[in-house]
Structure formats: structure tokens, C-alpha cells
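Participant: Submitted below is the structure of interest, expressed as C-alpha cells.
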Amino acid sequence: MSGGRLLRVSDLTVHYYTAEGVVKALRNVSLEVDSGDSLCVIGESGSGKSTLGLAIALSLPKNAVVVSGSILYKGVDLLKLPPSEAEKYKGREISMIFQDPATTFNPLFTIGEHLTDVLRYHFGLSRQEALGKAAELLKMVRLPDPSRILNAYPHELSGGMLQRAAIAAALAPRPKVLIADEPTTMLDVVTQAQILDLLDSLRRDLDLTLILITHNLGIASEVCNKTVVMYAGVVVEEGPTEDVILNPLHPYTAKLVKAVPVASKTRGKLSYIPGALPDLRNPPMGCPFADRCEHASSKCRTAPLKYAHVGHTRRVACVLYGE
Amino acid sequence: MPVSREYLVKRLVLLVFVVLGVLVITFIITRVIPARPEFLWAGPHATEEQLKRARQELHLDEPLHVQLYYYLLDFFKGSWGVSWRTRSPVLQDLLTALPATLELVVTAFTLAFLAGVPLGIYSALNYGRRADQVVRVLTILGASTPVFWVALILQTVVGIWAGLLPAGKRVDEYLVYSTGFRPITGFYLLDSLIQGNIAVFADVLKHIIMPALVLSLYPMSLASRMCRSLMIEVLNENYIRSLEIWGVPRRVVLLKYALRNVIVPVVGSLGLSFGYTLVGAFMVELVFVWPGLGYYAGMALLSYDYPAIIGAVVLVAIFYSLINFVVDLLHAWLDPRVRL
Amino acid sequence: MAELGLYLDLIRRNPVYLAGLVIVSSFVVLGLIAPYILTRPEDAWGLAYSIDKRLMPPSLEHPFGTDEYGRDVFNRVLLGARFSLVIGVGVVALSLAIGVPIGLVAGYMGGRVGTALMRITDMFLAFPPLLLAVALAATLGRGLLNTIVALSLSWWPWYSRLVYLQVSSVKNMPYVDAARVVGLDEARIMFKHVLPNSLTPVITQATLDVGSAILEASALSFLGVGVPPPIPEWGLLVSSGWHLVSRAWWISFFPGLAIVITVLGFNLLGDAVKELMDPRLRNILSMRRV
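Residue numbers (the numbering used here), protein chains in the order written: chain A, 1 to 323; chain B, 1 to 340; chain C, 1 to 290.
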């Protein structure tokens with residue numbers, strides 16, 4: 001499974017400047033991804049998971065500032081690269097697909113134009129060659145009738161087809177890492193399953209490393225071998241997916257797992273997590289989950305986050321697990 | 001790429017209705033609103049006889065719908081009245097003057113877009129920086145100045161005081177005579193090139209540059225502002241970001257993709273810009289004595305030549321509708337989402 | 001109050017926006033007090049002739065020179081501010097008075113009525129801006145009121161459309177349904193909920209349109225179908241100096257300059273307001289703060 005460390009995010013801190021103040025979206029986030037992994041980054045809205053994805057893809061918006069930290073990819077710190085160097089990693093090494101397939105493509109251009117441009121600029125192909133390759137790519141993502149799709153405009157295709165096409169475009173330059181930011185959130189359940197299945201088999205066939213960002217634990221359990229749980233801009237737990245879900249360590253993770261409704265004969269109350277996210281313009285000093293945690297103590301609120309290692313593979317930021 | 005036949009038909013039908021609407025509104029303005037329309041039509045120096053005849057010709061004693069019928073009939077027959085100033089049929093006057101105006105407006109428009117679009121994009125790419133501020137103020141200035149005032153100033157300073165360029169008119173009559181220039185299409189710039197008459201070409205160019213420049217100020221400012229705000233918006237769109245993430249070079253993303261997203265709505269707004277320019281032409285042609293529709297209409301206004309005024313208004317309005325029709329088709333051709 | 005802070009940042013970034021605010025306020029003040037601060041009211045109102053003072057170039061005594069009747073141009077321009085203010089506000093107010101109710105009804109009722117009303121509105125919009133006003137002004141004849149009416153009749157469709165679009169979207173908002181569920185009657189809903197929320201963009205636009213109204217009115221006056229002499233409307237003043245422009249440039253120059261500055265002020269202010277509303281700029285602005 002794992003082929004050695006590919007990506008290492010260390011102490012990444014990213015701030016957003018907004019009209020309402022400076023939002024500290026990521027605070028000292030660290031994680032590691034090995035080659036061939038499929039990593040899930042789980043969190044609710046506002047957890048910083050999307051920011052993390054954009055940061056790795058070197059695509060943060062203009063009002064975001066990387067305050068500190070590093071992103072080591074194959075040993076190179078991507079954040080320290082000059083723009084001309086950084087360009088070389090885009091697509092070729094790291095690629096990404098987004099939540100809304102409808103806005104991923106330019107409405108004035110056909111899918112074919114998008115694909116051929118991506119191909120031509122990476123591989124110097126002629127238009128004919130690029131079209132041929134594009135058709136192959138579309139077949140690879142299990143789209144029927146590639147020539148029709150190539151000539152179609154985005155508004156003529158369904159969400160599922162567009163997302164597949166986006167995957168084809170993202171994988172066209174043969175990257176090593178594919179980041180998928182909530183790729184199925186806007187799709188129906190059936191299509192969702194198909195896309196996930198597609199991503200999984202592509203990962204195996206193309207020797208991809210997958211980083212899947214989602215809020216859905218179910219997806220994580222199906223697709224990912226490793227899971228990172230984020231809350232309010234920090235990593236609260238990390239480990240093999242099965243362990244994290246079946247045996248959650250962090251109180252937040254535990255609540256997440258419990259909150260998944262299970263169809264059963266007996267009726268019960270829906271479990272939920274009381275309270276709300278802290279204001280990220282003024283994040284609390286200690287553990288951000290303290291106000292919603294039943295096990296919280298004064299130490300939780302004041303002491304800076306420290307990660308405890310549980311076993312070889314797991315990490316959790318909680319005082320419950322000692323230093 | 002091609003537009004569907006249904007779309008074309010739909011747009012044509014709309015055009016017909018628009019033209020009818022224009023006619024109805026002008027009917028209301030010219031016959032219904034005034035208390036005694038015959039005074040307006042026969043002129044301030046009309047005799048009792050003439051007034052009576054005007055009442056008959058305009059069918060003013062008959063019910064409104066009958067008047068409307070005759071009004072529309074007259075319109076389609078081409079009897080748009082007679083101008084007191086020139087003493088010739090209004091429609092004839094207008095059609096004679098039309099090419100000169102078209103030449104001026106097209107030149108102005110071309111200038112406006114050639115300068116305005118790159119300016120707007122440049123401004124957007126330098127968002128927030130000095131260059132952007134400067135361009136923005138300049139474009140706001142361009143949209144705030146009265147056309148007639150700039151025309152007067154330019155004409156006085158460059159034309160009269162400095163004598164660098166001719167202060168008015170379209171072409172040197174003597175030059176036309178001596179070189180045997182003949183209008184073919186009515187567009188002198190074109191005609192002179194066709195006949196290989198460089199002297200006249202240069203002369204017309206010298207005459208057209210000031211009025212065209214003045215006329216282009218407003219649409220240039222509009223185009224620049226529109227391009228700027230569109231470009232800023234587009235640059236933040238997901239579909240630009242995705243292409244960049246997939247590794248397409250920024251240059252290509254900007255010049256091929258983003259540019260089209262900007263140009264297409266700009267084309268869509270061409271019609272409105274054209275409308276402003278047409279009315280601006282009234283004033284520019286007046287000041288520079290450019291023998292076009294605008295000059296004719298402007299003189300008509302100054303001398304209260306009512307039939308000529310209304311004739312010009314109707315013609316310009318119809319022309320405007322035609323332009324919008326063409327622009328709609330163009331827009332649909334460029335934007336696949338519109339062709340439903 | 002965060003708005004005020006952002007506005008100050010905006011000005012700091014581009015001091016020109018301050019100019020917009022300053023110009024518009026000065027214009028309004030001037031327009032209001034002009035008749036009372038004239039140094040030569042007979043000149044301004046066009047009541048006096050001074051043959052011996054004709055066509056004098058700008059000097060200390062006559063900062064903008066004198067025209068062919070010996071009247072002090074500065075005074076005329078100053079009084080012109082009053083008329084421009086009246087016309088600008090008048091046109092906008094009347095256009096709103098006609099356009100807003102139509103747009104409101106059309107948008108709220110929707111369906112056949114709404115479409116019909118909008119078709120009529122569109123018929124007016126088939127004319128290029130100003131052209132309709134020209135035809136109306138020519139028909140009604142010259143006059144201050146006629147000019148305001150002519151311009152308003154060509155302007156109201158824009159507001160009508162704007163309101164229509166706003167109302168159409170607002171009426172589908174959840175809080176309107178909520179009001180209905182609670183049992184409020186339609187009229188109440190329309191006035192207390194839909195109207196205020198739809199009107200804000202329209203009002204902002206309208207305030208800034210005063211500048212454009214002044215510009216268009218000056219064009220009409222220049223063409224001889226707007227305000228009649230001896231009213232010192234700026235456009236009319238420019239045209240009065242037209243035939244003398246190469247010899248006595250000041251007669252046309254200064255009134256035109258007044259138009260430029262005033263309209264510029266409104267447009268700058270309008271731009272500043274739009275920038276403030278734009279979320280992206282707000283983000284970048286606050287970046288500067290830290």
C-alpha cells in the first residue's frame with residue numbers, strides 16, 4: 001500500500017483576510033501522506049479542510065496568506081518555490097477536482113477544448129493527437145460516447161458526467177496526487193457511489209495518491225485507508241480509517257461517529273453535537289472543541305495543543321491521552 | 001455554433017414588435033400629447049389654410065385608431081413629412097445623410113473598443129494598484145464629460161487656434177472636385193480607397209479624426225469599465241482556477257479563456273453603447289458640421305423643424321432596434337447558453 | 001460602523017473617492033444657497049445688460065469673464081448650480097415616482113399583469129437613451145418643467161425594470177413565505193417586507209443618477225429643446241457661447257467645466273459605493289489594515 005512518504009505538511013498556518021476580520025483558517029496543521037495512500041480529510045464546514053486542499057494544490061485565493069509552515073512534496077517545500085517553479089508542479093504532480101462540477105468548466109468552451117488544452121500544454125501534442133488522448137481519458141473515467149462529450153458544452157451535461165470529465169481533465173497530465181474537494185456533495189447518491197468507485201479504481205490503476213476532502217464519514221469508510229479529522233482549523237485526530245471510525249479517540253470524532261443516523265427498527269433520538277464552531281477570528285488558545293466537549297477541563301482551554309501518539313499509526317490532540 | 005432557426009424567428013418577431021412599439025409611442029407623442037398637433041406639423045408661420053390642410057392630412061378629426069392606421073400607413077409608404085428647413089421630404093433627407101453618420105459612428109465605435117477593451121483588461125490585471133486607479137479615474141472622467149463641450153474645446157483649440165486639423169465638415173470640396181472623387185457606397189473612407197484616391201482618403205481622415213475621437217469617449221469609457229469589472233469577476237471564477245490547477249499556463253488561460261468570458265457580455269452590451277453613441281452623434285455632428293443624420297436632426301431641433309425632428313427620431317430608434325437585433329444574434333452565436 | 005472604517009480605507013487607498021464625496025456635498029450646498037450668495041443677481045438671472053462690459057476675458061473682477069450681454073459668467077454658472085440641482089433631483093424623483101410603483105406591481109403580481117407591464121416598459125426601452133427625451137422635449141416645448149418631464153418619461157423604465165427584478169427575487173425569499181404563514185395580508189407583506197428590501201439598490205442607484213440627469217438635461221438644453229433662456233442652465237450657457245467660442249472661449253468653457261466636475265463627483269461617489277459593496281475588495285482592503 002504505502003510506498004514511502006510523498007507529502008508532508010508541517011505546522012501550516014493560513015490566515016484569510018476578510019471584511020469582517022482576519023480568519024485564522026488553519027493553525028499549525030501537520031499531516032503526512034504516503035505514496036499510494038487514499039487519505040480522507042474529514043471535517044464540517046469551517047474546519048479548514050478546503051483551505052488545506054487549496055494550499056497543497058498551490059491555489060490559495062488572493063486574500064489568503066500562509067503565515068508559517070511548510071508543505072514538503074518529494075522533499076521540496078512547495079511554499080518556498082518561486083511562481084515559475086511552482087507552475088511545474090501544477091497538474092504534473094498535484095491536481096485537483098472541485099465540489100461543483102458545473103462551475104469547474106468554462107461555459108463558453110466545450111469539454112474537448114478544455115481537455116485538449118490541458119494535454120497540449122503538458123505534452124506538446126498536436127490537436128489531433130490531443131483529441132485522441134482526450135477520448136481515451138473520457139473512456140478511462142467510464143464516460144460513454146466520448147466524441148459527443150468532447151463536443152458538448154458544460155450546460156449540456158449532467159453533474160455526474162461533468163464530474164467524470166473533470167476527473168479526466170485533472171488526471172490528464174498524469175499527476176501523482178489528486179485532491180478531491182467534496183467531489184460528490186452536489187451529486188445524487190447513486191452517482192456519488194459511482195464516482196467514488198471510479199476514484200478508487202483509478203487510484204489503483206494509475207498508482208495515484210488520493211486526498212479526499214469530505215464531511216461524510218460514510219465516504220471515508222468506503223474509500224480511504226487513512227483519515228485525518230479536522231475541527232476549527234486544527235487536526236484533532238489521525239489514523240487508519242477503520243480504527244478511527246470503529247474506535248474514535250478524540251471526543252469530536254466520537255460524536256461524529258455517533259451522529260451518523262443508523263436505520264434500525266427501534267426509534268431513538270437523533271444524536272447531535274450541541275454548541276457551535278468557535279469564531280475563527282479569535283480562536284481559543286487551547287483546544288477549540290473544549291466548549292462542546294463533555295470531558296473538557298480547564299487545562300483543555302488553556303494549554304496549547306499537543307499531539308499524543310497512540311500506537312504506531314494514530315495521533316490525537318487531546319489531553320485525555322496523556323502527553 | 002450556429003444559431004437555431006427558432007431563435008432567429010423569435011428574434012425577428014420581437015424586432016417587428018419593437019418597431020411597432022416605437023411607432024405607437026411616437027404616435028402618442030406626436031399626435032396624442034399635443035393639444036393641437038397641426039401647429040407642430042405645419043410650422044410656426046403657417047396660415048389658416050395650411051393649418052386646415054394639415055388637419056386633413058393628419059386625419060386629426062377622426063378617431064384615434066383611424067389616425068393610427070393612417071400614421072402607420074404613411075410610415076410604410078415613406079411619406080414622413082416635409083422639412084421646412086430644407087423643403088424636401090424628410091425621409092429622403094435622412095437617407096442621404098445616413099451614410100455619413102454611419103461612417104462616423106463606426107469609426108468612433110472602433111476606436112472606442114480598440115482602446116477601451118485592452119484598457120479595461122489591463123486595469124483588471126493590475127487590480128488595486130496605481131495603474132488601475134489611474135485608468136478608473138480616466139474612465140469615470142470620460143463618462144462624465146458632456147460630448148458637446150469636449151467637441152467645442154477640441155475644435156477650438158486644435159482646429160481654430162492651432163489649425164492642426166480641419167475645424168469642421170467632412171471633406172475639402174475643392175479636393176473632391178479637382179481629383180474627380182465620386183461617392184460609391186457613401187462611405188468616403190472606403191470609396192477613396194476603392195478609387196485609389198489617396199489625397200481624398202487622407203483628407204477625410206483628417207476631417208474625421210476629431211469628431212470620431214470625441215464621439216468615442218463615452219463608449220470607450222463604458223467598454224473599459226465593463227471589461228474591467230467583468231475581468232475581475234471572471235478571474236475569480238472556479239473555471240479559471242481549475243484550468244490553472246490542471247497546469248494550463250496563465251497566459252493561455254487569460255488570453256484564450258478569460259478573454260472570451262469578458263468579450264461575450266461586452267458584445268451583448270454593444271447595442272446600448274451604440275444607442276448612446278447615436279445620440280452623441282447629434283451633438284458632435286452639429287459642432288463639427290459633419291453632414292450626417294445628427295447634423296440634420298440637430299439643425300432640425302435648433303430650428304423647431306418638427307417633421308424632421310420626429311423623422312430623425314424614428315429612424316434612429318428603428319436603427320437602434322436593428323442593431324440590437326444583430327447584437328442579439330451575435331451574442332447567441334458566441335454564448336452557447338443563450339441559444340435556447 | 002465597519003462600513004465607515006472600510007470607506008476610510010477606501011479613501012486612503014484612492015484619495016480620489018474623497019473628491020467624490022466632497023464634490024457632491026459642495027454641489028448640493030451650492031445648489032441650495034446659490035440664489036442667496038450671488039454678487040450680481042441681475043446678471044445671473046439674466047435681467048441686466050451692460051453693453052460696455054461685453055465679452056471681457058476672465059479677470060479678478062469677473063473670474064469667468066463676461067458674455068455678449070455683459071453679464072458676469074461666474075454668477076450665471078453659480079446660479080446654474082441651483083437649476084442643475086433642481087433638474088437632477090426632479091428628474092430622478094419623478095422617474096422613481098412613475099417607475100417604482102409599476103415595477104413593484106409587476107414584480108409582485110407576476111403572471112399576466114407582470115408580463116404585460118414589463119412589455120410596456122420594454123417598449124420604452126426600445127429607444128436609445130435621450131432620444132425619447134428629445135422627441136418629448138421637442139413636442140412639449142422648452143421649459144424647466146417640460147425638460148424634467150421629458151427626461152423622466154424616458155428614464156422611468158430603467159427603475160421599473162430594476163424594481164421588477166428585485167421584487168421578483170425578493171418575493172420568493174423564505175421570510176416572505178414566513179410572513180404569509182403567520183397570516184399577514186398581501187398588502188402588508190408588500191409594503192413592510194418586500195418593498196424595503198427591494199428598494200435599497202434602487203435608491204442608491206437613483207441618488208447617483210442625479211449626475212447623469214444633469215448631464216442629459218444639459219445636452220437637451222444645448223440642442224435647444226431643454227431649458228429656455230435666460231435661465232442659466234449649464235448646457236444652455238455652453239450653447240450660448242458656441243458662436244463666439246474662438247473669440248470668447250470662457251463663455252462656453254466654464255459652464256461646461258461645472259458640468260464635468262459635478263457629474264464627475266457623482267460618478268466617483270457611485271463608484272466608491274459600488275466598490276464598498278463588492279465583497280472581494282472588502283477583503284483586500286482589510287488586508288491592508290493588519
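Note that beta-carbon positions come from the ideal geometry of N, C-alpha and C, so glycine has one too.
(1) Name the chain C residues whose beta carbon is nearer than 7 Å to that of residue 313(B)?
(2) List the whole-angstrom C-beta distance separating residue 146(B) from residue 110(C), where the pair is believed to meet the contact cut-off of C-beta under 8 Å.
(3) For the alpha helix (DSSP H) containing residue 136(B), list its first residue and its last residue.
(4) Would DSSP call residue 126(C) helix, strand or coil?
(5) Under the rule that 16 or more other beta-carbon atoms within 10 Å means buried, what is residue 76(B), buried or exposed?
(6) Could you check the C-alpha separation between residue 56(C) and residue 158(B) for me, to the nearest Å?
(7) Using CA coordinates, which residue listed in 313(A), 162(A), 302(A) and 306(A) is at the minimum distance from residue 100(A)?
(8) Listed in chain order, which residues of the segment 149–165 of chain A have Cβ atoms closer than 9 Å to some Cβ of chain B?
(9) At which residue ranges does the segment 203–270 of chain C contain complete alpha helix (DSSP H) runs of 4 or more residues, listed in the order of the chain?
(10) What residues from chain B crowd round residue 92(A), counting only those whose CB sits closer than 9 Å?
(11) Take the Cβ of residue 309(A) as the centre, count every other Cβ of all protein chains shown within 10 Å, and call the residue buried at 16 or more, exposed below.
(12) Using C-beta distances below 6 Å, list every residue in its chain close to residue 189(B), excluding the 5 sequence neighbours before and after it, in chain order.
(13) Which residue comes first and which comes last in the beta strand (DSSP E) that contains residue 10(A)?
(14) With contact counted as at least three CB pairs below 8 Å, one residue from each stretch, are the segment 100–110 of chain C and the segment 49–67 of chain C in contact?
(15) Kindly indicate which three-state DSSP category residue 40(A) falls into: helix, strand or coil?
(16) Please determine if the segment 189–208 of chain A and the segment 242–258 of chain A are in contact, where contact requires at least 3 C-beta pairs separated by less than 8 Å.
(17) Of all Cβ atoms in chain B, is any one closer than 8 Å to the Cβ of residue 41(C)?
(18) Does residue 93(B) pass the burial test, meaning 16 or more other C-beta atoms within 10 Å, or should it be called exposed?
(19) Mind listing which residues of the segment 140–164 of chain C have their C-beta closer than 8 Å to chain B's C-betas, in chain order?
(20) Using a cut-off of 7 Å between C-beta atoms, extract the partners of residue 278(B) located in chain C.
(21) So residue 208(B) and residue 60(B) are in contact, right, with Cβ under 8 Å, and what is the actual spacing, rounded?
(22) Do you know how far the Cα of residue 82(C) is from the Cα of residue 95(C)?
(23) Since residue 226(C) contacts residue 147(C) with CB under 8 Å, what's their CB separation in whole angstroms?
(24) Excluding five sequence neighbours on each side, which residues of the same chain lie with their C-beta closer than 6 Å to the C-beta of residue 165(B)?
(25) Check whether chain B comes within 8 Å of residue 237(C), counting only Cβ atoms and requiring the distance to be less than that.
(26) Verify the CB distance criterion: does residue 282(B) have a CB-CB separation below 8 Å to chain C?
(27) Could you work out which residues of chain B lie near residue 267(C), taking near to mean beta carbons separated by less than 8 Å?
(28) My output table needs one value for residue 249(A): the three-state DSSP class, helix, strand or coil.
(29) Against chain C, does residue 163(B) count as a neighbour if the rule is that its beta carbon must be under 8 Å from one of theirs?
(30) Okay, do the segment 274–281 of chain B and the segment 104–123 of chain B touch, 3+ Cβ pairs below 8 Å being the bar?
(31) Between which two residues does the alpha helix (DSSP H) holding residue 218(A) run?
(32) Under 8 Å Cβ-Cβ, which residues of chain C neighbour residue 291(B)?
(33) Report yes or no: do the segment 178–194 of chain B and the segment 223–235 of chain B share at least 3 C-beta pairs separated by less than 8 Å?
(34) Count the CB pairs spanning the segment 126–134 of chain A and the segment 89–104 of chain A that are closer than 8 Å, and state whether there are at least three.
(35) Given a limit of 7 Å on CB to CB distance, which residues of the segment 296–330 of chain B reach chain C?
(36) Three or more C-beta pairs closer than 8 Å, one from the segment 170–184 of chain C and one from the segment 120–132 of chain C: is that the case here?
Facilitator: Straight from the coordinates:
(1) As a working mapping, residue 313(B) is identified with position 313 in the second sequence. The answer, in chain order, is 131, 134 and 135.
(2) Start at 1 with the first residue of the second sequence, and residue 146(B) comes out as number 146. Start at 1 with the first residue of the third sequence, and residue 110(C) comes out as number 110. About 41 Å; that fails the 8 Å criterion.
(3) Within the second sequence, residue 136(B) is the residue found at index 136, counting from 1. Its alpha helix (DSSP H) spans residues 130–144.
(4) In the third sequence, residue 126(C) corresponds to position 126, counting from 1. Residue 126(C) falls in the coil class under three-state DSSP.
(5) Here the question's residue 76(B) lines up with position 76 in the second sequence. Under this definition residue 76(B) is an exposed residue.
(6) What you label residue 56(C) is simply residue 56 of the third sequence in a count that begins at 1. What you label residue 158(B) is simply residue 158 of the second sequence in a count that begins at 1. C-alpha separation (whole angstroms): 23 Å.
(7) Indexing the first sequence from 1 puts residue 100(A) at position 100. Ranking 313(A), 162(A), 302(A) and 306(A) by Cα distance to residue 100(A) puts 162(A) first.
(8) 153, 154, 155 and 156
(9) 234–240
(10) Looking up residue 92(A) in the first sequence gives position 92. The answer, in chain order, is 247.
(11) Mapped onto the first sequence, residue 309(A) falls at position 309. Burial call: exposed.
(12) Position 189 of the second sequence holds residue 189(B). Cβ within range, chain order: 204.
(13) Taking the first sequence and counting its residues from 1, one reaches residue 10(A) at position 10. Note, residue 10(A): beta strand (DSSP E), 5–18.
(14) no
(15) By 1-based counting over the first sequence, the position of residue 40(A) is 40. Correct three-state label for residue 40(A): strand.
(16) no
(17) Position 41 of the third sequence, counted from the first residue, corresponds to residue 41(C). No, its Cβ sits nowhere closer than 8 Å to a Cβ of chain B.
(18) The count along the second sequence starts at 1 and reaches residue 93(B) at position 93. Classification for residue 93(B): buried.
(19) 140
(20) On the second sequence, residue 278(B) is found 278 positions in, with the first residue counted as 1. The contacting residues are 128.
(21) By 1-based counting over the second sequence, the position of residue 208(B) is 208. By 1-based counting over the second sequence, the position of residue 60(B) is 60. Incorrect: roughly 44 Å between the Cβ atoms, too far for contact.
(22) Taking the first residue of the third sequence as 1, we reach residue 95(C) at position 95. Taking the first residue of the third sequence as 1, we reach residue 82(C) at position 82. One C-alpha to the other measures close to 20 Å.
(23) One-based indexing of the third sequence puts residue 226(C) at position 226. One-based indexing of the third sequence puts residue 147(C) at position 147. The Cβ separation is near 5 Å, so the contact holds.
(24) Sequence index remark: in the second sequence, residue 165(B) carries index 165 (1-based). Excluding positions up to five away in sequence, the list reads 158, 159, 206 and 210.
(25) Sequence index remark: in the third sequence, residue 237(C) carries index 237 (1-based). Chain B contact via Cβ: absent.
(26) Along the second sequence, read from residue 1 onward, the residue named residue 282(B) stands at position 282. Yes - at least one Cβ of chain C is within 8 Å of the one on residue 282(B).
(27) The residue labelled residue 267(C) in the question sits at position 267 within the third sequence. Those are 140, 143 and 144, listed as they occur along chain B.
(28) Reading the first sequence from its first residue, position 249 is the one you call residue 249(A). In the structure shown, residue 249(A) sits in coil (DSSP, three-state: anything other than H, G, I, E or B).
(29) To locate residue 163(B), count along the second sequence from 1; it is residue 163. Answer no: the Cβ-Cβ gap between residue 163(B) and chain C never drops below 8 Å.
(30) yes
(31) Within the first sequence, the letter at position 218 stands for residue 218(A). Taken as a continuous stretch (DSSP letters only), the alpha helix (DSSP H) holding residue 218(A) covers 217–223.
(32) The residue labelled residue 291(B) in the question sits at position 291 within the second sequence. Per Cβ cutoff of 8 Å: no residues; residue 291(B) is ~18 Å from chain C at best.
(33) no
(34) no
(35) 298, 301, 302, 306, 309, 310, 313, 316, 317, 320 and 321
(36) no
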